[in-house]
Amino acid sequence: ELVRAVARAGGLPLVSTKQNLVLRELYLNATDAQMQAIAECELFRMKMVQAYIGVRGWANATEMADVAPSQMLMCQRLWNHPVHLEQRVRHTRWVVLRYPTPAMAQAAGMSTPGFEDLYLRVCTMEYARMARAADALVRRMERTDEVRIVGPGTDLRFSIRGIPAVPCVGHRNLPDGEVFTAPVRTSPEGTISFNVPSVYNGITYDNVRLTFARGRMVDAEAGANTNLLQQALDSDEGARYVGEFALGFNPFILRPMKDTLFDEKIAGSLHLTPGAAYDEADNGNRSQLHWDMVLIQRPEYGGGEIWMDGECVRRDGLFVPEDLRPLNPDQLGAPGAE
Numbered sequence: 453e454l455v456r457a458v459a460r461a462g463g464l465p466l467v468s469t470k471q472n473l474v475l476r477e478l479y480l481n482a483t484d485a486q487m488q489a490i491a492e493c494e495l496f497r498m499k500m501v502q503a504y505i506g507v508r509g510w511a512n513a514t515e516m517a518d519v520a521p522s523q524m525l526m527c528q529r530l531w532n533h534p535v536h537l538e539q540r541v542r543h544t545r546w547v548v549l550r551y552p553t554p555a556m557a558q559a560a561g562m563s564t565p566g567f568e569d570l571y572l573r574v575c576t577m578e579y580a581r582m583a584r585a586a587d588a589l590v591r592r593m594e595r596t597d598e599v600r601i602v603g604p605g606t607d608l609r610f611s612i613r614g615i616p617a618v619p620c621v622g623h624r625n626l627p628d629g630e631v632f633t634a635p636v637r638t639s640p641e642g643t644i645s646f647n648v649p650s651v652y653n654g655i656t657y658d659n660v661r662l663t664f665a666r667g668r669m670v671d672a673e674a675g676a677n678t679n680l681l682q683q684a685l686d687s688d689e690g691a692r693y694v695g696e697f698a699l700g701f702n703p704f705i706l707r708p709m710k711d712t713l714f715d716e717k718i719a720g721s722l723h724l725t726p727g728a729a730y731d732e733a734d735n736g737n738r739s740q741l742h743w744d745m746v747l748i749q750r751p752e753y754g755g756g757e758i759w760m761d762g763e764c765v766r767r768d769g770l771f772v773p774e775d776l777r778p779l780n781p782d783q784l785g786a787p788g789a790e
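For the numbering used here, add 452 to where a residue sits in the sequence shown, where the first one is 1.
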């Protein structure tokens, strides 16, 4: 259907399909020369196209679990970074979405029909209403200097002064629902503890805890996977600095699914990202890494607060100021509400 739709619109559909089992075999024994050759071919095609539609699903979220971290980092550096972060994100019109699978439903703790219903609901919600509600948060973040995040195991401060705030309201990712910016590169001070499991390169990281001094991560823990976390953060200089800070507010996504595309949009969540900044909210940080780590602050996940220039703007996952309340689930998710 997608190929037909592109053709009807007068486009020339170029189709590429990939399977994680095949990619795993490539990654296991990949060499620099091999990854550079693949990247060169894919980069040539990416530069040809005006638009990119990525439909991604998986049968096993941990398919890459037995690929050495050094191999995964090399593949990211030589293939993913130049093709996707440097070319696609910066120079094409793109949208990325999921195709719901039983494995995704299992990771979310749901039945397959239940997950399919949720998926359709979050992808077809009234994003125009979300865009209108997000405007007030964009304006507030763009006039904010200091952000403070507090909660169990968390007390972190940083500045976002002079960094644009960007609404994500259904134009590129589906599902969507966040406003992102970036900390001034050397400003984060303190500690943050994440309570959402993060699957990165096929490995699940639980209870990640990061400590910052002058913007740099000086300590990082992830239980049994602390050494792997440290390896990722040592992949280059920029990996130990933050490239993104965002608040999530999709009213229909309420619990972790071990899929960043969903988890970073959870209502009452925030995410902080070790690694590269986006051009739209550029704090100057450069890295091959871009790893969104999610913290939910609703009461059932331990609660917490976000302060901006001394004002509490979100408490226990709910926005407090009147102009931000339309982003709360009871309003944003209500049928026909404005």
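We put the CB at the ideal spot given by N, CA and C, even for glycine.
SER563 - DSSP class collapsed to helix/strand/coil
Mapped onto the sequence shown, residue 563 falls at position 111. Three-state DSSP puts SER563 in coil, outside helix and strand.
Just to confirm my understanding: we take LYS533, look at its own chain, exclude 5 residues before and 5 after, and list those with CB closer than 7 Å. What are they?
Your numbering for residue 533 matches position 81 in the sequence shown. Reading the sequence as shown, one finds His at residue 533 and not Lys. In its chain, beyond the 5 residues on either side, GLN740 have a beta carbon closer than 7 Å to the beta carbon of HIS533.
Cβ neighbour criterion (16 or more within 10 Å) applied to GLU790
Locating residue 790 in the sequence shown gives position 338, counting from the first residue. Unreliable positioning characterises GLU790 in this predicted model, as indicated by a pLDDT of 42, which lies under 50. A coordinate reading is not provided.
Alpha carbon to alpha carbon, how far is ARG600 from ASP607?
For the purposes of this step, residue 600 is identified with residue 148 of the sequence shown, where counting begins at 1. For the purposes of this step, residue 607 is identified with residue 155 of the sequence shown, where counting begins at 1. Whole-angstrom Cα-Cα distance: 7 Å.
The region 564 to 580 touching the region 737 to 753, judged by at least three CB pairs closer than 8 Å:
Put simply, the region 564 to 580 does not touch the region 737 to 753. Fewer than three CB pairs are less than 8 Å apart.
Report buried or exposed for THR596, applying the criterion of at least 16 other Cβ atoms within 10 angstroms of its Cβ.
Position 144 of the sequence shown, counted from the start, is the residue given in the question as residue 596. Under a 10 Å Cβ-count criterion, THR596 is classified as buried, with 16 or more other Cβ atoms of the shown protein chains found around its own Cβ.
Does GLY463 come out as helix, strand or coil in the three-state DSSP assignment?
Walking along the sequence shown from the start, residue 463 turns up at place 11. Coil at GLY463, not helix or strand.
State the Cα-Cα distance for the pair GLU673 and LEU681, rounded to the nearest angstrom.
Position 221 of the sequence shown, counting from 1, holds the residue named residue 673. Position 229 of the sequence shown, counting from 1, holds the residue named residue 681. Rounded to the nearest angstrom, the two C-alpha atoms are 7 Å apart.
Which one or two residues does DSSP pair with VAL746 in a beta bridge?
What you label residue 746 is simply residue 294 of the sequence shown in a count that begins at 1. Its beta-bridge partners are HIS723.
Going by Cα to Cα distance, which pick from ASN647, ASN702, ARG460, GLU696 is closest to LEU626?
Here residue 626 refers to the residue found at position 174 when the sequence shown is read from its first residue. The residue among ASN647, ASN702, ARG460, GLU696 with its C-alpha nearest the C-alpha of LEU626 is ASN702.
Using the DSSP secondary-structure output, state which residues sit across from PHE771 in a beta bridge.
Counted from its first residue, the sequence shown places residue 771 at position 319. The beta-bridge partner set that DSSP reports for PHE771 consists of ARG766.
Inter-residue Cα distance where the pair is ARG661 and GLY756:
For this step, residue 661 is matched to residue 209 along the sequence shown. For this step, residue 756 is matched to residue 304 along the sequence shown. The alpha-carbon atoms of ARG661 and GLY756 are separated by roughly 16 Å.
According to the neighbour-count rule (16 or more other Cβ atoms, all chains shown, within 10 Å of its Cβ), is GLU696 buried or exposed?
For the purposes of this step, residue 696 is taken as the residue at position 244 of the sequence shown. Here GLU696 is buried. Its C-beta has 16 or more other C-beta atoms within 10 Å.
If I measure Cβ to Cβ from VAL670 and keep anything under 6 Å in the same chain, skipping five residues before and after, which residues do I get?
By 1-based counting over the sequence shown, the position of residue 670 is 218. If we look at VAL670 and ignore the five residues flanking it on each side, its Cβ neighbours are THR663.
What is the C-beta distance between LEU779 and ALA585, in whole angstroms, given that I count them as a contact (C-beta under 8 Å)?
Here residue 779 refers to the residue found at position 327 when the sequence shown is read from its first residue. Here residue 585 refers to the residue found at position 133 when the sequence shown is read from its first residue. 5 Å between Cβ atoms; contact.
With a threshold of 16 other CB atoms inside 10 Å of the CB of ASP518, please say whether the residue is buried or exposed.
Translated into positions along the sequence shown, residue 518 becomes position 66. By the neighbour-count rule (16 or more Cβ atoms within 10 Å), ASP518 is not buried but exposed.
Leaving out five residues on either side along the sequence, give the residues of the same chain with a beta carbon under 6 Å from the beta carbon of SER721.
For this step, residue 721 is matched to residue 269 along the sequence shown. Counting only Cβ-Cβ distances below 6 Å, and skipping sequence neighbours, we find GLY700, VAL746, ILE748.
Within the same chain, show all residues whose beta-carbon is closer than 6 Å to that of GLY622, passing over the 5 residues directly before and after it, in chain order.
Working through the sequence shown from its first residue, we reach residue 622 at position 170. So the qualifying residues of the chain are TYR579, ASP628.
For THR553, three-class secondary structure by DSSP:
Here residue 553 is taken as the residue at index 101 of the sequence shown, counted from 1. Three-state DSSP puts THR553 in coil, outside helix and strand.
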